[in-house]
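According to my numbering, the sequence shown is numbered sequentially starting from 554.
Using N, Cα and C, we set each Cβ at its ideal position, and we do this for glycine too.
The structure displayed is predicted, hence computed values, not measured ones.
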Amino acid sequence: MIKIIVDCFGGDHCPEAPVEGALASLAKNPDLSVILTGDESILRKCLEGKTYDASRLEIVDAPEVIGCDEKPTDVVRLKRNSSMMKGIIMLRDRDDIAAMVSTGSTGALVTGALVRLGRIPGVIRPAFCPLLPTMDGGIVGVCDSGANVEVTSAHLRQFAIMASLYLENVYGVKSPRVALLNVGKEAEKGDDMRRDAYRLLSETPSVNFVGNMESRDLLSGRYDVVVADGFSGNVLVKTTEGTALELLKKLKKDIFSRWIYKLGALLMSRMFKDMKAFMNYQNYGGSVLLGTSKVVVKGHGSSKAVAVEKCIEQAYRMEVSRLSGQIETEIGKYEHYEE
């Protein structure tokens, strides 16, 4: 039985979305059990009238609430009875728990995971790796996308190793094509750190490094993994998501501007529906935190039930594939670097 904690407070649609996502996951996976953390009285009300296997669902009371303006370090020190921190501490202390999913504060989750859980042996810094759809129907992972604003070339090599293992073992992408986010495709482009990262990635046999990538090519389908510092990666992901959403809004506005456009849209309704699903981040789960001693998945703050379900599925598949052990083995093959 694989046991996963679901933090039920902190996101825009909490606690309903996490509860509904957890119940959907339980229905699909008979070897899954979940622990819901949060205000027990509210969670029990959410479960009223729902059909589920009570033997595979546990509620842990965590009444404290994390404010959106609270410092992550304060949350870790002072909010031990919040749904997030109680979940992280349980994840650390209980061997029967494999993973945790949260849609709460990113800063608090990263800080809590680093301070309370720790890293896989050999990993310098854990990194976020969200997935985006590509134009050929595949996916691309961006690692890092927010956990580490400043990095070294050694960090980027580890990001490439971890993300490659993630895409290969969890999503079945054979020999993932890895690119380095840069201002140009030529090997000499970028600053000293990125040129050194280019060299290191080229010298890493376990990484299928295909060179530099410009941001405009992220969704082209030519890459499976893109490695970047957390600042650039976060900007890349959010800009791509935002552009897609605004284009959909513009398309909808234009369609309703003339009756002939409406007629054309009616004939193409199926295509527009598929396009909307393709561009909807809710269908791609959350951002996994690669490199922590146990599995942590961060969902969007605006995640609805389907997105939470996808996050739980990611955590489930990471545990089934024993990804953490594979990362430790592969990282251990290379020279250790100090931060």
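I believe residue i touches residue j by the beta-carbon criterion, under 8 Å. Please report the beta-carbon distance rounded to the nearest angstrom.
i    : j    : result
L685 : V695 : 7 Å
V848 : E872 : 6 Å
L579 : L589 : That belief does not hold up - the Cβ atoms of L579 and L589 are roughly 11 Å apart, past 8 Å.
T659 : P571 : Incorrect: roughly 16 Å between the Cβ atoms, too far for contact.
I619 : G665 : Contact doesn't hold; Cβ gap of about 10 Å is too wide.
V726 : L733 : With 8 Å as the limit, V726 and L733 do not qualify as a contact, their Cβ atoms being about 18 Å apart.
G852 : P679 : Rounded, the Cβ-Cβ distance is 17 Å, inconsistent with contact.
S698 : S840 : 6 Å
G854 : D565 : 6 Å
Between the alpha carbons of residue i and residue j, how many angstroms are there, rounded?
i    : j    : result
K857 : N722 : 26 Å
L670 : M715 : 18 Å
I555 : A818 : 45 Å
N701 : M824 : 39 Å
R672 : L800 : 39 Å
K598 : M637 : 20 Å
S810 : T793 : 26 Å
P568 : V676 : 33 Å
K802 : G691 : 24 Å
S846 : F831 : 32 Å
G591 : S822 : 41 Å
A713 : D782 : 12 Å
E741 : N761 : 19 Å
S506 : Q879 : Outside the shown range of the chain, which is 554 to 892, sits residue 506, and nothing can be said about it.
D606 : N582 : 11 Å
D560 : L789 : 27 Å
S728 : G838 : 22 Å
T705 : K632 : 32 Å
P625 : E703 : 18 Å
M746 : V613 : 45 Å
L754 : P616 : 46 Å
G764 : E739 : 8 Å
R875 : Y869 : 10 Å
K806 : K815 : 10 Å
T604 : R752 : 55 Å
Looking at the secondary structure, which residues open and close the beta strand (DSSP E) in which residue i lies?
i    : result
G694 : 692-696
C682 : 680-682
I588 : 585-591
I557 : 555-560
M766 : 761-766
A957 : Beyond the ends of the chain as shown, which are 554 and 892, falls residue 957; an answer cannot be given.
V780 : 778-780
Could you tell me whether any Cβ in chain B is nearer than 7 Å to the Cβ of residue i?
i    : result
N735 : No chain B appears in the structure shown, which is made up of a single protein chain.
Provide the residue span of the alpha helix (DSSP H) that contains residue i, from first to last.
i    : result
V628 : 625-631
A716 : 706-724
A580 : 569-581
L670 : No alpha helix (DSSP H) contains L670, which DSSP labels as neither H nor E.
R769 : Run containing R769: none; DSSP gives neither H nor E here.
Can you tell me which of the options puts its alpha carbon nearest to the alpha carbon of residue i?
i    : options                : result
I884 : A750, L816, L718, A781 : L718
K826 : A575, L804, V736, I813 : L804
N735 : G725, A713, E767       : E767
F681 : A797, D560, L667       : L667
Y724 : D777, D584, L662       : D777
V693 : A860, V779, P583       : V779
N836 : L579, G574, V559       : G574
S773 : K815, G563, M688       : M688
Y887 : Y814, P758, L600, P616 : P758
N585 : H566, I557, L798, G563 : The sequence shown places Leu at residue 585, rather than the Asn named in the question. Closest by alpha carbon: I557.
E611 : V618, L600, I619, G699 : L600
E623 : A652, D614, S635       : S635
V850 : D627, Y751, M653       : M653
D770 : S608, G854, V731       : V731
If we require 3 or more residues per run, which beta strand (DSSP E) segments fall completely within the stretch 843-889? Within the stretch 843-889, the complete beta strand (DSSP E) runs of at least 3 residues are 848-851.
Can you give, in chain order, each stretch of the beta strand (DSSP E) that sits fully within the stretch 789-834 and has at least 3 residues? Inside the stretch 789-834, DSSP marks no whole beta strand (DSSP E) run of 3 or more residues.
Whole runs of the beta strand (DSSP E) within the stretch 602-661, excluding any shorter than 3 residues: List check, beta strand (DSSP E) in window: 610-614, 650-655.
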